[in-house]
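Numbering (this note's numbering), first residue to last: 23 to 426.
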Ligand code: HSE
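Structure follows, in C-alpha cells:
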C-alpha cells in the first residue's frame, strides 16, 4: 500500500478523495502499489503529524499560503513526495519549496496548479525541455474565460455570468482573484519560471482583470470578428523577460481565439518548434482532481517505465461518425424520395439537406447524424447503385464534438 495523505477537502480535495479509490486497482496494476487515502485534514478534523507519519506522499489542496507552506516544508523535510495545485504558494514561495524537494531527494509535482488538467507543466519540464522558448501565451483562468464567453454569447451582465461560474465550481473561494487577473498572474509566474528557467515571483507580474469590460465591448468585438480574452503573456525581450496578464482582442486565426467556456489553453512559441498549443478544462473539481491524481501516479512510477499493457483493450474498427454526403442526381420526380428511402432502410438519419437545381441535374448535399461507419458505407453503396445517380457519391466525416 502507498499512503496518500490529503490536506484540504474543498471542491478539488473532495473530488480527489472520490477519484482515488476508483482508480486504485488500475494504479496498482501499473505501479505494483495500491494507493490509499491515509488521512484527510480539514479545517475541523485530522492531525497533520499523524497523517504525515502514515503517508508516502502528501497531496495539498488547501490553497493559500499558510498553513499550506508550513505543511509542505515539513512533508518535504520528512522525505515525502508532494503533489499540490497551489498556484499562490508556488508563485510566491516556489524557490523555497523546489530547494527543499531537491535537498531531500523527493518529488514536488504541481500539474493541477496551472490550466487544470491541461498537461502544460510536464510539457514544459519534459517534452519541450530541449527547446529555447521565446513566448508563452495563455488563457489560464477558467472563470474569466467562462464569464467573457457567456457575456459574448448571451449578452448577460458580468455579475450574472460570474454568479454562474461560481455555482459551477470554477471560481476561487474569493472570486476577486479570478476577475482582477491575480489568479492568472500566479499561473503565468509559474509558467514563466519553467519556460525561461528564471525565478519569477508573483509580484513581478503586471496584471489587469476583466471588471471593466462591458457587454457592448463584446458586441463590437463580434461585429469586428474579434474575440475578447484575458490573456497571459510571458516573453523573452532581448535579455529580459516580461510576464503580464490583461484583456486582449484576438483575430479569429489565433489559436487562443476559439477557446471558450471554462477551457484553458497555452501556446508555446519557439523558433525550433514554431508553435504548440494545448487546451482543455482549466477549472472545476473533477477536472483538476484528475490532474492531481496524474501527478500522484507519476510520483509512484519509477522513472523511464515502458508503457504498461495492463488494460488490454480491444481495438475498435467500426466507429460512430456524422457525415457530409454530396450527390449529383437526375432532377426528376421521386429522386429525393429514393435517396431518403435508402437512408431510412439503413438507419441513417438526415440532419440537414440542401438541394440546388443545375439544368436537368441536381446537387443534393446533406449532413447525416452520427451513425456507425459500416451502416453509412452500406447506405452510400446502395445510393451509388441507384440509376438516378450522375456521379459517385462523395462523403466526408463531420466532427460534431463540442467541448465547453
Ligand atoms: N479559479 C480558477 C479558474 C480555478 O477559474 O481558473 C483553477 O485554478
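Every residue, glycine too, gets a C-beta built ideally from N, C-alpha and C.
Contacts around residue i, its chain only, beta-carbon distance under 6 Å, and the 5 residues preceding and following it disregarded
i: residue 167; result: 161
i: residue 413; result: 350
i: residue 266; result: 228 and 255
i: residue 377; result: 384 and 386
i: residue 90; result: 82, 84, 108 and 111
i: residue 157; result: 257 and 291
Distance cut-off 6 Å: residue i Cβ against heavy atoms of the ligand HSE
i: residue 64; result: no
i: residue 164; result: yes
i: residue 305; result: yes
i: residue 194; result: yes
i: residue 200; result: yes
Buried or exposed by the 16-neighbour rule on C-beta atoms within 10 Å, applied to residue i
i: residue 289; result: buried
i: residue 181; result: exposed
i: residue 425; result: For residue 425, the predicted model reports a pLDDT of 49, less than 50, meaning its position is unreliable; a value from the coordinates is still stated below. Exposed, because fewer than 16 other Cβ atoms sit within 10 Å of the Cβ of residue 425.
i: residue 342; result: exposed
i: residue 93; result: buried
i: residue 235; result: buried
i: residue 101; result: exposed
i: residue 246; result: exposed
i: residue 260; result: exposed
i: residue 87; result: exposed
i: residue 304; result: buried
i: residue 361; result: buried
i: residue 112; result: buried
i: residue 29; result: buried
i: residue 116; result: buried
i: residue 365; result: buried
i: residue 65; result: exposed
i: residue 26; result: buried
i: residue 77; result: buried
i: residue 217; result: buried
i: residue 419; result: exposed
i: residue 203; result: buried
i: residue 71; result: exposed
i: residue 427; result: The displayed coordinates of the chain run from 23 to 426. Any statement about residue 427 would go beyond what the structure contains.
i: residue 409; result: exposed
i: residue 421; result: exposed
Nonlocal neighbours in the same chain, by C-beta distance under 8 Å from residue i, ignoring five residues either side
i: residue 322; result: 24, 49, 53, 55, 57 and 79
i: residue 295; result: 150 and 153
i: residue 243; result: 174, 249, 250 and 271
i: residue 406; result: 414 and 415
i: residue 220; result: 214 and 263
i: residue 297; result: 277, 289, 290 and 291
i: residue 383; result: 350, 351, 352, 353 and 412
i: residue 284; result: 164, 165, 167, 168, 187, 190, 192, 303, 304, 305, 306 and 426
i: residue 226; result: 211 and 265
i: residue 293; result: 154 and 156
Integer-rounded CB distance, given that residue j should sit under 8 Å from residue i
i: residue 340; j: residue 394; result: 5 Å
i: residue 21; j: residue 224; result: Any answer about residue 21 is impossible in this case: the structure gives the chain only from 23 up to 426.
i: residue 136; j: residue 209; result: 4 Å
i: residue 34; j: residue 99; result: Rounded, the Cβ-Cβ distance is 25 Å, inconsistent with contact.
i: residue 201; j: residue 233; result: 5 Å
i: residue 301; j: residue 287; result: 3 Å
i: residue 63; j: residue 42; result: Rounded, the Cβ-Cβ distance is 15 Å, inconsistent with contact.
Proximal residues to residue i (C-beta, below 7 Å), its chain only, five neighbours per side dropped
i: residue 97; result: 74, 80 and 104
i: residue 133; result: 141, 143, 144, 313, 316 and 317
i: residue 379; result: 353
i: residue 45; result: 315
i: residue 38; result: 28, 81, 83, 311, 314 and 315
i: residue 197; result: 165, 184 and 188
i: residue 194; result: 200 and 205
i: residue 131; result: 105, 317, 320 and 321
i: residue 237; result: 173, 177 and 179
i: residue 434; result: Residue numbering for the chain in the displayed model covers 23 to 426; residue 434 lies beyond these limits and cannot be assessed.
Any non-hydrogen atom of the ligand MG closer than 6 Å to residue i Cβ
i: residue 225; result: The ligand content of the structure shown is limited to the ligand HSE, which means the ligand MG is not among them.
Do three or more CB pairs link the segment 205-219 to the segment 144-160 at distances below 8 Å? yes
Meets three-Cβ-pair contact criterion under 8 Å: the segment 109-129 and the segment 172-181: no
Could you check whether the segment 363-375 touches the segment 399-409, counting it as contact only if at least three pairs of C-beta atoms, one from each stretch, sit closer than 8 Å? yes
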